[in-house]
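Read in order, the letters of the sequence shown correspond to residues 103 to 227 in the working numbering.
For each residue, glycine too, the CB sits at the ideal point set by N, CA and C.
Predicted, not measured: the structure shown is a model, and the values here were computed from it.
I have placed the structure first, in the form of structure tokens, so that the comments after it can refer back to it.
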Amino acid sequence: MIETIATANAPKALGPYSQALKAGGFIYCSGQIPINPATNAIEATTIEDQTRQSITNLRNVLEKAGSSLSKVLKTTVFIKDMNDFAALNGVYAEMFGDTKPARSCVEVARLPKDVKVEIECIALA
103 MIETIATANA PKALGPYSQA LKAGGFIYCS GQIPINPATN AIEATTIEDQ
153 TRQSITNLRN VLEKAGSSLS KVLKTTVFIK DMNDFAALNG VYAEMFGDTK
203 PARSCVEVAR LPKDVKVEIE CIALA
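In structure tokens form, the structure reads like this:
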């Protein structure tokens, strides 16, 4: 059985996809960008604040699914400028704490709404 996960505490999907799907004991989260779901706007301008908002959005989707950041197994981070890697890592480490999921990080030419970062994850349900 596949369960669609949707919460008002994270941005609505910008296209034909779900915030997350829950199946087989796992949660597959779509990429989150730094949209503040309360205002539906991108308010954060620095890589640190955009990373914080993106991970907060992921956390809110995971919590709606009955999970948490501590159950994340793998993340994929899309970053617009690899020069921001160290600053991103600082916020990432702060927000994930002792949890150190497997991770890929790739620099991309462009992200939705021209943000600096997008993060997706797979977690245990």
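Cβ neighbours of residue i in the same chain (closer than 8 Å, five flanking residues each side left out)
{"i": "Asn-162", "result": "Thr-109, Asn-111, Ala-112, Pro-139"}
Boundaries (first-last residue) of the alpha helix (DSSP H) holding residue i
{"i": "Ile-157", "result": "149 to 166"}
Start and end residues, beta strand (DSSP E) containing residue i
{"i": "Gly-192", "result": "Element bounds for Gly-192: not the beta strand (DSSP E) but the alpha helix (DSSP H), 187 to 198."}
{"i": "Lys-124", "result": "122 to 125"}
{"i": "Glu-105", "result": "105 to 107"}
{"i": "Ser-206", "result": "204 to 209"}
{"i": "Tyr-130", "result": "128 to 134"}
{"i": "Lys-176", "result": "174 to 181"}
{"i": "Ile-224", "result": "219 to 226"}
Own chain partners of residue i with C-beta closer than 6 Å, once the 5 adjacent residues on each side are dropped
{"i": "Lys-176", "result": "Pro-203, Ala-204, Ile-224"}
{"i": "Ser-170", "result": "Leu-164"}
{"i": "Glu-209", "result": "Ile-181, Met-184"}
8 Å contact criterion, which residue i and residue j should meet: CB distance rounded
{"i": "Val-193", "j": "Ile-221", "result": "That pair is no contact at about 11 Å."}
{"i": "Ile-149", "j": "Met-197", "result": "Contact doesn't hold; Cβ gap of about 14 Å is too wide."}
{"i": "Pro-136", "j": "Val-217", "result": "6 Å"}
{"i": "Gly-168", "j": "Ala-227", "result": "6 Å"}
{"i": "Thr-141", "j": "Val-219", "result": "Wrong, their Cβ atoms sit about 18 Å apart, outside the cutoff."}
Residue i Cβ short of 7 Å to the ligand NAD heavy atom set
{"i": "Asn-159", "result": "In terms of ligand content, the structure shown is empty, and the ligand NAD therefore cannot be addressed."}
Sheet register partners of residue i (DSSP bridge)
{"i": "Ala-143", "result": "Asn-138"}
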